[in-house]
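Participant:
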Amino acid sequence: MAPTGIPWRLLWANYRLPDPNLNGYLFPRKSLTGMTSKPISRKMKSRPVEGVKFPPIVCVGFPRWEGSDYLSSTVQLMGELAKTDRVLYVDYPFTYKDLVDAHLGNNPGVPAAELRGTAPRLQPRTLANGATLQLLRLPPFVPANFLNSPVYFDRINQWNARRAGRAILAALKKLGWEQPIVINAFNPALGNMLAGTLNESLLVYYCYDEISAAFWIARHGTRHERTFLQRADLTIVSSTGLYGAKFGQAKNCALVKNGVDLSLFKSQGTRPGDLPWQPIMGYIGTVDDRLDFELLEALAQAYPSCTLVFVGRVLATKQAAQLARFPNVHLLGPRPAATLGDYLAAFKLGLIPFVKNDLTAGIYPLKINEYLALGLPVVATDFADLSDFIRFLQVGTTTSGFIAATGAILATENTADANARRAFAQLNSWTGRALEMRRLLHQEWTKKQT
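Residue numbering for the sequence shown follows the numbering used here, starting at 690 and increasing by one per position.
1. Which residues mark the beginning and the end of the beta strand (DSSP E) in which Ala943 is found?
2. If I'm right that Gln765 touches Leu951 with Cβ under 8 Å, what's the distance once you round it to whole angstroms?
3. Going by alpha carbons, who is nearest to Ile900 out of Leu1082, Gly930, Leu887?
4. Let me know if Ile1057 comes out buried or exposed under the rule of 16 or more other beta-carbons within 10 Å of its beta-carbon.
5. On a Cα-Cα basis, can you pick out the residue from Tyr972, Ile870, Met970, Leu822 that is closest to Thr924?
6. At which residues does the beta strand (DSSP E) containing Gln1008 begin and terminate?
7. Using DSSP with H/G/I as helix, E/B as strand and the rest coil, what is Tyr781?
8. Hey, out of Phe917, Asp963, Leu953, whose CA is closest to Asn941's CA?
9. Taking 8 Å as the limit between beta carbons, can you name the residues of its chain near Leu879, skipping five residues before and five after?
10. Between which two residues does the beta strand (DSSP E) harbouring Leu953 extend?
11. State buried or exposed for Asn818, treating a residue as buried only when at least 16 other CB atoms are found within 10 Å of its CB.
12. Just to confirm the assignment, what range does the beta strand (DSSP E) spanning Gln847 have?
13. Taking only beta-carbon atoms, is Ala1109 less than 8 Å away from chain E?
14. At a cut of 8 Å, does the segment 1029-1038 reach the segment 1002-1012 through at least three beta carbon pairs?
15. Go through the segment 759-839 residue by residue and report every complete run of the beta strand (DSSP E) that reaches 3 residues or more, in order.
16. Return the CA-CA distance between Ile906 and Asp898, expressed in angstroms with no decimal places.
17. Could you have a look at Asn873 and say whether DSSP puts it in helix, strand or coil?
18. Here's the rule: buried if 16 or more other CB atoms are within 10 angstroms of the residue's CB, otherwise exposed. What is Ala989?
19. Which residues does DSSP pair with His1019 in a beta bridge?
20. Can you confirm whether the segment 819-830 touches the segment 776-796 when touching is taken to mean that 3 or more C-beta pairs between the two stretches lie within less than 8 Å?
21. Return the chain-ordered list of same chain residues with a C-beta closer than 6 Å to the C-beta of Glu739, the five sequence neighbours on each side being excluded.
22. Within its chain, find whatever has a CB closer than 6 Å to the CB of Gly1064; leave out the 5 residues flanking it on each side and keep chain order.
23. Near Tyr972, which residues of its chain fall below 6 Å by C-beta distance, leaving aside the five closest residues on each side in sequence?
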């Protein structure tokens, strides 16, 4: 009998797909409302690993490990930590809807075989830096973010968490890893359900955006984050704006700013063939509602002899189409990460034209260090606290000020300044940021052991 109180007809009509682990049913026969009577096992037999003092790291990630066309701070940090530590990355929780889309050919990036269980869900990955990381694909989740009701969402979230917990515990057992440090990356709803169930020695929340302003997760994420900030032993945020917002809410809060992959952001000396030859005012990253499109239209009109180039996926399709009406605007779409250095090397300057709101106030933009690593001058709006970069950044607080700052850079350039920008970016590598994070983890883990 199906559990009561949940709009099962809607879910069944849209997402029905048999799961071999559930005897052909989307849900187990046991009622969701009775799940709390048999929680995921909190105990594992203690079997210390000889010669290893620091525990393994389990990162329950929100970003995809593979198949994404943007760089993620979570992925970068875990890749660096894998150089020195045992790391299990629990991949983005794909849903039954994703699996159906993949079956229909609408979402080729979904790892359908792993989700169905016809390929191993736990697989090692050898990284470009030579490290090895364990990647775990969870069984598909029932989608729930579209639900308005907190009660319905939490019941489905609890069911999803039970499946996730079983899969993670099975992976840990197979690897022979115990009492891990668990890092939840921007998924506090799942974090609250998993807390205490993985026999973790330390629980960490990694927060890289203002969740209350992130439309895709704000509805249920905001209330769950309030609880998780108090539950986590340590909260690590990625910007000074987020630190100011979370410091008073978290039990323990620390700041590890974003960095740059210096091996990636360098020029190979080849100018991409899809770039125009006019001076380029460039932007790399997602074209979404963080961008000030009115400002960009004014910029394109102000400098018709220059080109405005965007390299990255386009999510704000309507606004982007409006902007693309200008003949000197080029929306190239996403490009392979290995080629981004060559695109940046062809830019005259890098742009960070964000609107100023609650979401952007908490952003430490990855692109600023990526621009600087190629020696580019940068023009940004005053969307967030970027005081760390005051020597290398022109800030436009108004549209006219932004346009004027851009014009000043287009008119002049100094090689010594470019070298100084490159040197500054060297100080902000992901290797250094990962060392900061590991120091915090070790400090809090040691404190908790004593």
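The C-beta atom is built at its ideal place from N, Cα and C for all residues, glycine as well. Bear in mind that the values here come from a model prediction, so they are computed numbers and not experimental data.
Facilitator: A quick look at the data gives this:
1. Locating residue 943 in the sequence shown gives position 254, where the first residue counts as 1. Counting along the chain, the beta strand (DSSP E) containing Ala943 begins and ends at 942-944.
2. In the sequence shown, residue 765 corresponds to position 76, counting from 1. In the sequence shown, residue 951 corresponds to position 262, counting from 1. Their Cβ separation, rounded to whole angstroms, is 11 Å, which puts Gln765 and Leu951 out of contact at 8 Å.
3. Start at 1 with the first residue of the sequence shown, and residue 900 comes out as number 211. Comparing Cα positions, the closest option is Gly930.
4. Here residue 1057 refers to the residue found at position 368 of the sequence shown. A residue is called buried once 16 or more other Cβ atoms fall within 10 Å of its Cβ, and Ile1057 is buried on that count.
5. What you label residue 924 is simply residue 235 of the sequence shown in a count that begins at 1. Answer by Cα proximity: Ile870.
6. Taking the sequence shown and counting its residues from 1, the one referred to as residue 1008 is at position 319. No beta strand (DSSP E) holds Gln1008; the alpha helix (DSSP H) holding it covers 1006-1012.
7. What you label residue 781 is simply residue 92 of the sequence shown in a count that begins at 1. DSSP places Tyr781 in coil when its eight states are reduced to three.
8. Here residue 941 refers to the residue found at position 252 when the sequence shown is read from its first residue. Of the listed residues, the one whose Cα sits closest to Asn941 is Phe917.
9. Taking the first residue of the sequence shown as 1, we reach residue 879 at position 190. Hits under 8 Å: Val749, Pro782, Asn846, Asn849, Ala850, Ala853, Asn873.
10. Your numbering for residue 953 matches position 264 in the sequence shown. First-last for Leu953: undefined, no H or E at that position.
11. In the sequence shown, residue 818 corresponds to position 129, counting from 1. Asn818 is exposed by the Cβ-count criterion.
12. The count along the sequence shown starts at 1 and reaches residue 847 at position 158. Where Gln847 is concerned, there is no enclosing beta strand (DSSP E), although the alpha helix (DSSP H) it sits in stretches over 839-864.
13. Considering every chain present, this structure includes no chain E. It has just one protein chain.
14. no
15. At a cut-off of 3 residues, the continuous stretches assigned as beta strand (DSSP E) that sit fully inside the segment 759-839 are 776-779, 811-815, 821-825.
16. By 1-based counting over the sequence shown, the position of residue 906 is 217. By 1-based counting over the sequence shown, the position of residue 898 is 209. Rounded to the nearest angstrom, the two C-alpha atoms are 11 Å apart.
17. One-based indexing of the sequence shown puts residue 873 at position 184. In the structure shown, Asn873 sits in a strand (DSSP, three-state: E or B).
18. Translated into positions along the sequence shown, residue 989 becomes position 300. Buried is the call here.
19. Your numbering for residue 1019 matches position 330 in the sequence shown. His1019 pairs with Val998.
20. yes
21. By one-based count along the sequence shown, residue 739 stands at place 50. Any answer about Glu739 is weak, because its pLDDT of 42 lies below 50 and its placement is not dependable; what the coordinates show is given next. Correct list: empty, nothing qualifies.
22. Taking the first residue of the sequence shown as 1, we reach residue 1064 at position 375. Closer than 6 Å at Cβ, skipping near neighbours: Ala1107, Arg1110, Arg1111.
23. Mapped onto the sequence shown, residue 972 falls at position 283. Here the set comprises Phe999, Leu1040.
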